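Protein chains in written order, with this note's numbering: chain A, 214 to 321; chain B, 2 to 595.
In structure tokens form, the structure reads like this:
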């Protein structure tokens, strides 16, 4: 099934454009600029009184969605890593050991 | 114009026929079935079709309205994509399983009464089990057993609810049911098991990653979405569903962040997305129900696309774990592109399908004043971008170079993914072309492309991406670790064997103890009693007589011995037997007098 080990020279270079170090930096730069841009846009909306037709007044606050997205993801990752993982992580073969159903030998 | 046929009939007949064909004919017929299904879809007119009398019940195989037709459409399209994806291998069992699964799902959505619904509901499980077995590994075989265990249980719960509902005069109508009394509650939970509710849905993340690469495409499409459809039909506006949906949308994303197996990450995000739909059903407004139908439609396409792209990675590399993959965009650029389109769709980027459907449910939550629900869903939206939108493509195709060099996915897989990717973008960019006019409640208009919606959504997503980048750079992002994360499936995967061992030790111990006590002591005692009790009694009666006769101790012993022996063997002289018989008859005749 797996047909591997094609030599690296055969690989089209176009596909590795975004793996080059300087391009990764460019992509990240673009991300930072875009993020800044949306905050500026939100501030402009706020200053000009552009009506977003919000259901909640929070939605009209500049940067509400930006801050929410950032904070939500940080909280998500920190809770997953420092709370959930210590609670639920087990060895990869956790279910394969000691279970007669999956043919574990330790029962014998 | 030719008459339309029940779509389930077309697919089930196809599933029966396919295993008996060979080579190209088999491939042709398998692909033709969904095409016929699609043509048939356009022939179906709205209304109630195909009624069958069974005993005193009237079974309705075709209730065609906008609810059932939108689901039928996406199921038909997806079955074509799914069959195309696996057509190259030409495995009779896999093709038949896909068609059977699709046919039963169509049977559920077209069902007009609860009995037809139940019948096809059970066939769904058969389809899923076949999709698991088609992987042909020990792990997938065991997963199939666990899947069967859970869904047979769910089926029994549903059947119990159905029987109670019928017996208490609820009728067989497959329409809104009031959630009160044991019948409706049992049915509610029966549906909930297939819908992967919290604690009831661990079967999904447990078994989906074990299925074959094509099988999981069908599994991700049919079981949970038919459950959403059935809930939307029977329990719309049931407030408890809002909170069930919120739990589904939020809890799995934490698991998804620390999960290593990419198909399991997708399974978690599947539950997360179905959570949005369940919230939509729970809110029960015209807009939220539209949102549920639209989101189910879009979700089926992009989730299938994501599962197919990771499936192609497995097909070429045999690996699905983040720790073993990375840098595959070099070798599989097209698969990578399709995966990114699926990721953008599930993340609800503007111009991609999730954007035009998910927001309906969220707007409806705000419209109903459910601010907490809205905040939870917004959190889930940021989270789904984080783990499905970034993590899946990043760890498979970018990230560090795993050193794997392989061929691009085969043509049929690329075509299948290409069609799904095209539909994701088409539906997302032109929602008014097909999706919105097909929604159940046309009286509410919804416009996703407002300046505020687009900019707010982009800000949310870009800052989520920023958070991912910064956390990665700071080394705070949880490293991918080969591990198993406990979930509610622990209850039957560990609890089951524990119960087995407890039962083994407990019941077999009891058995042994009983064996020792009862068989070892009581039974011999009883036997002894019945064997020598009579003779002993006889000896006891004779003892005073012997005392009167003044026999010596030796003579008494000899007499006792003789009586005991005769009594034991029943060897008394006829005279004595006759004497007792006469006494007995006398007693009987005396008794008759009274």
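Here a beta-carbon is modelled for each residue, glycine too, at the ideal position from N, C-alpha and C.
Being a predicted model, the structure only gives us computed values, none of them experimental.
Check your understanding: Which residues in chain A sit within 8 angstroms of residue 368 (chain B), going by Cβ to Cβ distance?
Key -> 268, listed in chain order.
Check your understanding: Does residue 234 (chain B) have its Cβ less than 8 angstroms from a Cβ in chain A?
Key -> Not closer than 8 angstroms to any Cβ of chain A, the Cβ of residue 234 (chain B) fails to qualify, so no.
Review point. Where does residue 266 (chain A) sit, in a helix, a strand or coil, going by DSSP?
Key: DSSP, read as helix, strand or coil, puts residue 266 (chain A) in coil.
Review point. How long is the line joining the alpha carbons of residue 552 (chain B) and residue 593 (chain B), rounded to whole angstroms?
Key: C-alpha of residue 552 (chain B) to C-alpha of residue 593 (chain B): approximately 41 angstroms in a straight line.
Point to revise | residue 258 (chain B) beta carbon less than 8 angstroms from that of residue 290 (chain A) | key: Between residue 290 (chain A) and residue 258 (chain B), the C-beta spacing is below 8 angstroms.
Point to revise | Contact residues within the region 450-463 of chain B, judged by C-beta distance below 9 angstroms to chain A | key: Cβ proximity to chain A below 9 angstroms picks out 451, 452, 453, 454, 456, 457, 458, 459, 460, 461, 462 and 463 from the region 450-463 of chain B.
Point to revise | Limits of the alpha helix (DSSP H) - the one that residue 387 (chain B) falls within | key: In this chain, residue 387 (chain B) is not harboured by any alpha helix (DSSP H), its DSSP state being neither H nor E.
Review point. Given that residue 260 (chain A) touches chain B, what residues does it touch there, using C-beta distances under 8 angstroms?
Key: By Cβ distance, chain B contributes nothing, its closest Cβ being about 15 angstroms from residue 260 (chain A), past 8 angstroms.
Review point. What is the DSSP secondary structure of residue 49 (chain B), reduced to helix, strand or coil?
Key: Residue 49 (chain B) falls in the strand class under three-state DSSP.
Point to revise | CA nearest to the CA of residue 347 (chain B), picked from B:428, B:149 and B:290 | key: When each option's Cα is compared against that of residue 347 (chain B), the closest is B:428.
Review point. Are there 16 or more other CB atoms within 10 angstroms of the CB of residue 575 (chain B), so buried, or fewer, so exposed?
Key: Exposed: under 16 other Cβ atoms inside 10 Å.
Point to revise | Neighbourhood of residue 16 (chain B) by C-beta, 7 angstroms cutoff - its chain only, sequence neighbours within 5 removed | key: Cβ contact annotation for residue 16 (chain B) (same chain, cutoff 7 angstroms, sequence separation greater than five): 97, 100, 101 and 104, in chain order.
Point to revise | Members of the region 293-305 of chain A near chain B, C-beta cut-off 7 angstroms | key: Listed by position along the chain: 293, 294, 297, 298, 301, 302, 303, 304 and 305.
Review point. Are the C-beta atoms of residue 210 (chain B) and some chain A residue less than 8 angstroms apart?
Key: No, its Cβ sits nowhere closer than 8 angstroms to a Cβ of chain A.
Exercise for review: Give the interface partners of residue 486 (chain B) over in chain A, defined as CB-CB distance under 7 angstroms, in chain order.
Suggested key: For residue 486 (chain B), the chain A residues whose C-beta falls within less than 7 angstroms of its own C-beta are 301 and 302, listed in chain order.
**Study point:** Residue environment, residue 477 (chain B), which counts as buried when at least 16 other CB atoms sit within 10 Å
**Key:** The residue in question, residue 477 (chain B), is exposed, as its Cβ has fewer than 16 Cβ neighbours within 10 Å.
Practice item. Would you mind giving the Cβ-Cβ distance between residue 486 (chain B) and residue 296 (chain A), rounded to the nearest angstrom? I have them listed as a contact below 8 angstroms. Key: With 8 angstroms as the limit, residue 486 (chain B) and residue 296 (chain A) do not qualify as a contact, their Cβ atoms being about 13 angstroms apart.
Exercise for review: Tell me whether the beta-carbon of residue 247 (chain B) lies closer than 8 angstroms to the beta-carbon of residue 374 (chain B).
Suggested key: At a Cβ-Cβ threshold of 8 angstroms, residue 247 (chain B) and residue 374 (chain B) count as neighbours.
Exercise for review: Check the DSSP bridge columns for residue 65 (chain B) and list the partner residues they point to.
Suggested key: Answer is B:48, bridged to residue 65 (chain B).
Practice item. Tell me, to the nearest whole angstrom, how far the beta carbon of residue 115 (chain B) is from that of residue 192 (chain B); I am working on the premise that it is less than 8 angstroms. Key: Between residue 115 (chain B) and residue 192 (chain B) the beta-carbon gap is near 11 angstroms, outside 8 angstroms, which marks them as no contact.
Check your understanding: Just how far apart, CA to CA, sit residue 249 (chain B) and residue 378 (chain B)?
Key -> Between the alpha carbons of residue 249 (chain B) and residue 378 (chain B) lies a gap of roughly 10 angstroms.
Exercise for review: Could you tell me whether the region 314-330 of chain B touches the region 399-412 of chain B, using the rule of 3 or more Cβ pairs below 8 angstroms?
Suggested key: Contact holds: three or more Cβ-Cβ distances are below 8 angstroms.
Practice item. Identify, in the order they occur along the chain, each residue of the same chain with its Cβ nearer than 6 angstroms to the Cβ of residue 274 (chain B), setting aside the five sequence neighbours on each side. Key: Around residue 274 (chain B): 300.
Practice item. Take residue 278 (chain B) and list the residues in its own chain whose beta-carbon comes closer than 6 angstroms to its own, dropping the five residues that flank it on each side. Key: For residue 278 (chain B), where only same-chain residues beyond five positions count, the Cβ hits under 6 angstroms are 229, 293, 296 and 297.
Practice item. Confirm, please, whether the CB-CB distance from residue 94 (chain B) to residue 131 (chain B) is below 8 angstroms. Key: Less than 8 angstroms divides the Cβ of residue 131 (chain B) from the Cβ of residue 94 (chain B).
**Study point:** 9 angstroms Cβ cut-off: residues of chain A touching residue 380 (chain B)
**Key:** Those within 9 angstroms of residue 380 (chain B) in chain A are 281, 285, 288 and 289.
Review point. Do you know offhand how far residue 214 (chain A)'s Cα is from residue 324 (chain B)'s?
Key: With a pLDDT of 41 at residue 214 (chain A), under the threshold of 50, the modelled position of this residue cannot be trusted, and the question is left open.
**Study point:** Neighbour flag for residue 265 (chain A) against chain B, beta carbons, 8 angstroms
**Key:** Taking a beta-carbon distance threshold of 8 angstroms, residue 265 (chain A) counts as an interface residue toward chain B.
Review point. Whose CA, out of B:557, B:521, B:527 and B:568, lies closest to the CA of residue 538 (chain B)?
Key: Here the closest residue by C-alpha is B:568.
Point to revise | Close beta carbons around residue 147 (chain B), own chain, < 8 angstroms, minus the five adjacent residues each side | key: When the five nearest sequence neighbours on each side are left out, the beta carbons in the same chain lying within less than 8 angstroms of the beta carbon of residue 147 (chain B) are those of 204, 207, 208, 490, 493 and 494, in order along the chain.
Check your understanding: Which first and last residues belong to the alpha helix (DSSP H) in which residue 296 (chain A) is found?
Key -> Taken as a continuous stretch (DSSP letters only), residue 296 (chain A) belongs to no alpha helix (DSSP H), as it is neither H nor E.
Check your understanding: Mind checking whether residue 340 (chain B) and residue 367 (chain B) have CB atoms under 8 angstroms apart?
Key -> With contacts defined as CB atoms closer than 8 angstroms, residue 340 (chain B) and residue 367 (chain B) fail to qualify as a contacting pair.
Practice item. Please state whether DSSP places residue 188 (chain B) in a helix, a strand or coil. Key: Under the three-state reduction of DSSP, residue 188 (chain B) is assigned to helix.
Exercise for review: Could you check the C-alpha separation between residue 558 (chain B) and residue 585 (chain B) for me, to the nearest Å?
Suggested key: Computed Cα separation, rounded: 29 angstroms.
Point to revise | Three-state class that DSSP yields for residue 195 (chain B) in the structure shown | key: In the structure shown, residue 195 (chain B) sits in a helix (DSSP, three-state: H, G or I).
Review point. Which residue or residues does DSSP assign as beta-bridge partners of residue 341 (chain B)?
Key: Partner(s): none; residue 341 (chain B) has no beta bridge.
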